Structures are given as C-alpha cells and as structure tokens.
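Numbering (the working numbering), first residue to last: 4 to 432.
This is the structure we're talking about:
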C-alpha cells in the first residue's frame, strides 16, 4: 500500500515545503493542511510561473488532486475567498476540489486588530508576528470562545459574535488604546462569506479515513517550522500552533496510525523571519550574499529573512521531535560559488559543549556555535537532477549532513522549478 507522508519544516519555516508537496502531489489522492493559517506562504514555480499559496494546500495545481483543510487550520473567510479568486482567475478549478472541515476556527477582523495593536504596544520587544490575527484566533479556540466555520451558518451567530466582540473591543479600547471593531459590518461580512464557503464544507476526518481504507495515499502539509512550534520552539518567539508531525493527527481529525513516513524539509543553510534568537546568524557580506542569491524575502509579508549557516544541533532537536524518516535538502544551488561553507556542529553553552538546541529563547540566545568548515564549489548545480552529477564537494557536503544528523537524505532541490529535484529515496513507496 502507498504510504501517507507528513511534510514538515525542520527549521524556522520558509524551508521550501511547498515545492516538495507540489512535486509529490501528482502521485497522491489528496493534500491536507492541518495547522496554521494565511500567515503561511508556500511558493511554487512551474514552467517559470510563480504561485504563492497561503491557505490552500500546495496540491491545488494538480487537477486530479483533492485538497483538504483540517480542523487545526484557522481560516480567514475573506482571505480564503480572495485566494480562491486569484487561482480561478489563473484558470485553476478550486471549489470542487477543496474540502474544508466544519470545525476550523474563524479569523475575524477583531483578531487582526488585536494582533497588530499588541505588536505596536510591545515596541522593540515585539514577537514578530505577521499581524494577520492568527495568534488571537488560536487563543479564542483554547478559551472556547472561537467562532468556527459551521457557526457562520447558524442562527446563533449574531449572539456569539456580540459576546466575543464585546470581549475583544474592551481589550482594544481600554488596554491597547486602539479603535473598536464594528459589530454590524463584521456580522454581515461573516454571514456573506459563510454562504459562499458552505458548499466546500465537508467531513474531512471521514473523507481521509475512507481514502486510507481504499489505499489512496495522502500528503499532510505542515506550515511554518518545528523551531516555531508553540510547545517545542524558541518560545515565546514562536507561532501559535503545533507545527510538528504529531499535530497532523488532531489537526486533520485522524489517528496516529494514518502516518507512515515523516519527511523533514531543511534548507542547505538556515533562515529566520521575525524576532528571536538565531545562533548561526550572519551579519556580514556572506549572509547578505545568501539572502540575495536565495531571494530570502517572505512570500506573504515580503519581510527580509535573516540568514546563517546550517545548524546541526537545531536539526537534531527537530528531527527527534518529529521522528523524521528522511530529509529534503533545499536550495543547494544557493551555496554554489562560495570558497568556504561552514556548518554548526555543536554549541558552547554555559561552559559546556552541547549537541542539541536547548529549550527557551534565553538559553538559545546564549549558544555560541562551533563550526566545521568545508571547501565550497564553483560549479553551478542549478537544475541538476542526478546526485552523481553534483560537484564532488557538494556531494561531500550532503553526505556530511547525513552523517551528522543520522537521517538519510531523500530529496535534494537544485532550483526553484518543480523538476529541479534529485530523488534519492522516494517518501511515498
């Protein structure tokens, strides 16, 4: 039977998950998002055409692939419909192929207002959120006051909205010194969007269980990255959901036995967006060169990404948390032309040498990287699709990553196009 695979980011997000999900999606029945919201940006490049997806799974560009949004995803109705419209304008059929769980919490205008007002109040101590209301929506979910997609169709919506909006407007006005959110316009917006979304609502849990029963393989697509996980990341500089492989079950409404293989996505170097500690960050021309060659800007926000060398202690922690079976190394082509490449193999931390990322942002900020140096390669690897065609120094670099992490490399990306990919171990079989 073909395997069900979770594709997970193993760094601070932006690893290139969208490309790998898209590359594998043609071979599966469905692609499932199980956490996050429209703060995620998955960039696909097919035949030179760039598509940025925010909520809709990366399998949508394959016409025979069904896409699912599990109950762990928080959904902004306005942004979902906008994204659908953009894809439809490009000739992509979406509505008949997108199945959305009824229980997805709704990202409403008051969540965005709270998110942005908080960041302004924090000033230089801000978390570095995208300002799209994701965190406040997850807070409402945990506080059991969330409005969920099925609520948009119920006659009780006006009363539910009034209660939750009274709570948030009190915070906005009396604590955050911001303007309140209008009740009437918010109600109209949510009810109108609900009617348009209703045909796409489905029993996602049952649909995925039936796909499994009939031997139809699935890809579970994570957003953000493990080091941004609310429990396991560099807290508090994290996202507001669990973005590790184990979250695929509760986030999609399926059991743990649905997952057969965990594919961890990592860049050949490291990046981070927003605030928070970053042990291998480069502040020199080397870091600037990585950013320029790698086009390291957020696909949703446009924010520049901080760049640094590959961090093995962070990867070891991430691989353990996720139970990674194989990794995909992305953007190897960005390292071409460098005289020397470094890899962090350990940290000096409080007088000791450690080989795992510690917990807590304050501890991570104290870590001083211990580097191992490698000779670079001058030849371009852009578009190479066979491992043996890579320069010997590039091959040695990849083999050393395997040795240091103890996890085999399944895929290597050598360019932004879908097929600029070296396959070493197929995750689906």
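Backbone N, C-alpha and C fix where the C-beta goes; we use that ideal spot for every residue, glycine too.
Everything numeric in this text was worked out from a predicted model, so none of it was measured.
Checklist entry - Sorted by chain position, which residues of the same chain lie with C-beta nearer than 8 Å to residue 186's C-beta, five sequence neighbours on each side aside? => result 164, 165, 168
Checklist entry - In or out: residue 270 buried (at least 16 other Cβ within 10 Å) or exposed? => result buried
Checklist entry - With distances taken from CA atoms, which of 317, 198, 406 is nearest residue 228? => result 317
Next on the checklist: Quick test of your reading: residue 311 and residue 364, contact by CB under 8 Å. State the CB separation rounded to the nearest angstrom.
Outcome noted: Residue 311 to residue 364, Cβ: 16 Å. No contact.
Item to check | For residue 434, the first and last residue of its enclosing alpha helix (DSSP H) | outcome: Since the displayed the chain opens at 4 and closes at 432, residue 434 lies outside it and no answer follows.
Checklist entry - In the region 94-144, which residue ranges form an unbroken alpha helix (DSSP H) of at least 4 residues, counting only runs that do not cross its ends? => result 112-125
Checklist entry - Whose C-alpha, out of 14, 8, 276, 314, is nearest the C-alpha of residue 34? => result 8
Checklist entry - Does the distance from the C-beta atom of residue 289 to that of residue 335 stay below 7 Å? => result no
Checklist entry - Taking only runs of the beta strand (DSSP E) that begin and end inside the region 359-418, which ones reach a length of at least 3 residues, in chain order? => result 371-378, 412-416
Checklist entry - Among the residues of its own chain, which have a CB less than 6 Å from the CB of residue 16, if the five just before and after it don't count? => result 227, 228, 231
Checklist entry - Counting contacts by CB-CB distance shorter than 7 Å, is residue 357 in contact with chain B? => result This model lacks chain B altogether, as it is built from one protein chain only.
Checklist entry - If we ignore side chains and look at the alpha-carbon of each, how far apart do residue 305 and residue 89 end up? => result 18 Å
Checklist entry - DSSP on residue 45, reduced to helix/strand/coil? => result strand
Checklist entry - Among 45, 77, 149, which one has its Cα closest to the Cα of residue 62? => result 45
Checklist entry - With DSSP run on the structure shown, which of helix, strand or coil describes residue 331? => result strand
Checklist entry - Could you give the residue range of the beta strand (DSSP E) that holds residue 215? => result Run containing residue 215: none in the beta strand (DSSP E); it sits in the alpha helix (DSSP H), 207-216.
Checklist entry - Is the CB-CB distance between residue 204 and residue 105 below 7 Å? => result yes
Item to check | Pair within 7 Å by beta-carbon distance, residue 139 and residue 114 | outcome: yes
Item to check | Classification of residue 374 by the beta-carbon crowding that lies within 10 angstroms, buried from 16 upward | outcome: exposed
Item to check | Helix, strand or coil at residue 51 according to DSSP, with G and I counted as helix | outcome: coil
Checklist entry - If you draw a straight line from the alpha carbon of residue 58 to that of residue 18, how long is it in whole angstroms? => result 17 Å
Next on the checklist: Tell me the DSSP secondary structure of residue 68 in three-state form.
Outcome noted: coil
Checklist entry - If we count the other Cβ atoms within 10 Å of its Cβ and call it buried at 16 or more, is residue 243 buried or exposed? => result buried
Checklist entry - Which first and last residues belong to the beta strand (DSSP E) in which residue 349 is found? => result 343-352
Checklist entry - If you draw a straight line from the C-alpha of residue 195 to the C-alpha of residue 116, how long is it? => result 21 Å
Checklist entry - What are the boundary residues of the beta strand (DSSP E) that includes residue 223? => result 221-224
Item to check | Of the listed residues 151, 133, 73, 192, nearest to residue 112 (C-alpha basis) | outcome: 192
Checklist entry - How close, in whole Å, do the beta carbons of residue 266 and residue 413 come, if the pair is a contact with beta carbons under 8 Å? => result 6 Å
Next on the checklist: Assuming residue 22 and residue 47 are in contact, meaning their beta carbons sit under 8 Å apart, how far apart are those beta carbons, in whole angstroms?
Outcome noted: 6 Å
Checklist entry - Taking the alpha-carbon positions, what's the residue 285 to residue 273 distance? => result 10 Å
Item to check | Collapsed DSSP secondary structure at residue 186 in the structure displayed | outcome: helix
Next on the checklist: Taking the alpha carbon of residue 223 as the reference point, which residue from 400, 68, 190, 420 has its own alpha carbon closest?
Outcome noted: 68
Next on the checklist: Considering Cα atoms alone, identify which of 158, 109, 241 is closest to residue 147.
Outcome noted: 109
Item to check | Burial state of residue 159 (16 or more Cβ within 10 Å) | outcome: exposed
Checklist entry - Can you pull the DSSP bridge partners for residue 270? => result 333
Checklist entry - From this set, 261, 190, 206, which residue's C-alpha is nearest residue 216's C-alpha? => result 261
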